[in-house]
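Here the protein sequences come in this chain order: A and B. Counting in the numbering used here, the first sequence runs from 1 upward without gaps. Counting in the numbering used here, the second sequence runs from 1001 upward without gaps.
There are 2 protein chains.
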Amino acid sequence: MQRTDFGEMACSIARTFDILGEPWTALVLRDVFIGIRRFDELQRDLGVSRKVLAERLARLVDLGVLARRGYSSRPPRHEYTLTEKGSDLVSVLLASVAWGDRWAAGEAGPPALLRHRGCGELTHAELRCARCGDVLHADGIDVEDGPGAVIPDRIKERL
Amino acid sequence: MQRTDFGEMACSIARTFDILGEPWTALVLRDVFIGIRRFDELQRDLGVSRKVLAERLARLVDLGVLARRGYSSRPPRHEYTLTEKGSDLVSVLLASVAWGDRWAAGEAGPPALLRHRGCGELTHAELRCARCGDVLHADGIDVEDGPGAVIPDRIKERL
């Protein structure tokens, strides 16, 4: 359906959104994260067609984001769990929760609250600089070529 | 093209990916963030059709994520800048850079490096608990109903 192969671009945003850039996929990951792990339950919760759900799940297993394991042999039934790669991808979702809560929740307020098991408090995810620990804002970042860069000269001039 | 209205779901992930869940949109925001702000330059850099680009830009302006301003009156030409809402959305992209660099960069390594202007170091975005400051992992989070929740009972039982 999608003709451009974002996963092949030399850009970590393109590569991430090659997976997440289809809202059902983000919501499948959300559901597995909150403990909805079985096909029929996922289908019921999301209200998505079985065909689309099966495709998304198969892709996420292929990519190593989800692991599939049997929980019944007669009839054969499977459930899905997050791999380490998948759990790390849920972190991107946690950043999106912070944005959605702030900018898209409206008067009703946040649909869900996150409690950090470590400190026991209701919280939200905050982006911080891994080096100095300060809060990281987009306008405090400069972008430079990395080792995997494939950047045309016309763009390099701007960076 | 997309029949399900993710923006209307009571979920901050669905609401965020109603905007970001189309990879071109994420890449348009990336480009504006790194300083590629004019229509023709965006079109050249992304290699996307003018029609798709115009649609995405108009939607992002409508949503208040980008602001459009004229930089030439003859001929009329516009450039796009991030609003505060948009700059905050770029933070979600910064979280995705960290994931893509770790899990999708392969042997070539990260395509781009982020330098934090505050401390001057090359860095990556780290998600931390806004309350206690510890690093936040998906598996250290419990999800609870928020004020804007619309959660069916069958799901509530699991939370």
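Using N, Cα and C, we set each Cβ at its ideal position, and we do this for glycine too.
Within chain A, partners of residue i - CB distance below 7 Å
| i | result |
| --- | --- |
| K1085/B | W103 |
| H1116/B | C129, R131, C132, L136, G140 and I141 |
| R1015/B | G100 and A104 |
| D1018/B | P23 |
8 Å Cβ cutoff met for residue i and residue j
| i | j | result |
| --- | --- | --- |
| F1033/B | L1082/B | yes |
| S162/A | H1124/B | Not covered by the structure: residue 162/A. The range shown for chain A is 1 to 159. |
| R1037/B | E1079/B | yes |
| L114/A | L127/A | no |
| L1060/B | L1066/B | yes |
| D1145/B | A112/A | yes |
| C1119/B | C132/A | yes |
Proximal chain A residues relative to residue i, where beta-carbon distance stays under 9 Å
| i | result |
| --- | --- |
| L1042/B | Here the premise fails: no neighbours, minimum Cβ distance about 11 Å. |
| E1144/B | A112, L113, L114, R115 and L122 |
| D1005/B | Here the premise fails: no neighbours, minimum Cβ distance about 10 Å. |
Contact belief for residue i with residue j at Cβ below 8 Å, rounded distance in angstroms
| i | j | result |
| --- | --- | --- |
| R1117/B | I141/A | 7 Å |
| P23/A | G1148/B | The Cβ separation is near 18 Å, so there is no contact. |
| A1130/B | T16/A | Their Cβ separation, rounded to whole angstroms, is 23 Å, which puts A1130/B and T16/A out of contact at 8 Å. |
| V150/A | A10/A | 4 Å |
| V92/A | S1096/B | 5 Å |
| L1042/B | D1031/B | 6 Å |
| T25/A | R56/A | 5 Å |
| D1018/B | G1007/B | 4 Å |
| S46/A | L27/A | As written in the sequence, residue 46/A is Leu, which differs from the Ser given in the question. Between L27/A and L46/A the Cβ distance is about 6 Å, and since that is below 8 Å, they are a contact. |
Contact set between residue i and chain B, taken where Cβ atoms lie within less than 8 Å
| i | result |
| --- | --- |
| P76/A | Within chain B, no residue comes near P76/A; the closest Cβ sits about 23 Å away, beyond 8 Å. |
Neighbour list for residue i in chain B, Cβ cutoff strictly below 9 Å
| i | result |
| --- | --- |
| S91/A | A1095, A1098, W1099, L1127, L1136, H1137 and A1138 |
Chain B contact residues for residue i, given Cβ-Cβ distances below 7 Å
| i | result |
| --- | --- |
| G109/A | G1146, P1147 and G1148 |
Amino acids of chain A, ordered along the chain, whose beta-carbon sits closer than 8 Å to that of residue i
| i | result |
| --- | --- |
| S1072/B | Here the premise fails: no neighbours, minimum Cβ distance about 19 Å. |
Quick one, which residues of the region 26-38 of chain A are near chain B if we go by CB-CB under 8 Å, in chain order? Taking 8 Å as the upper bound on Cβ-Cβ separation, chain B lies near residues A26, L27, R30, F33, I34, G35 and I36 of the region 26-38 of chain A.
Chain-ordered residues of the region 1047-1068 of chain B with a beta carbon less than 7 Å from chain A: Hits within the stretch: zero.
Output the residue ranges of the beta strand (DSSP E) runs that lie fully inside the region 28-107 of chain A and measure 3 residues or longer, sorted by chain position. Qualifying beta strand (DSSP E) stretches, in chain order: 66-72 and 77-82.
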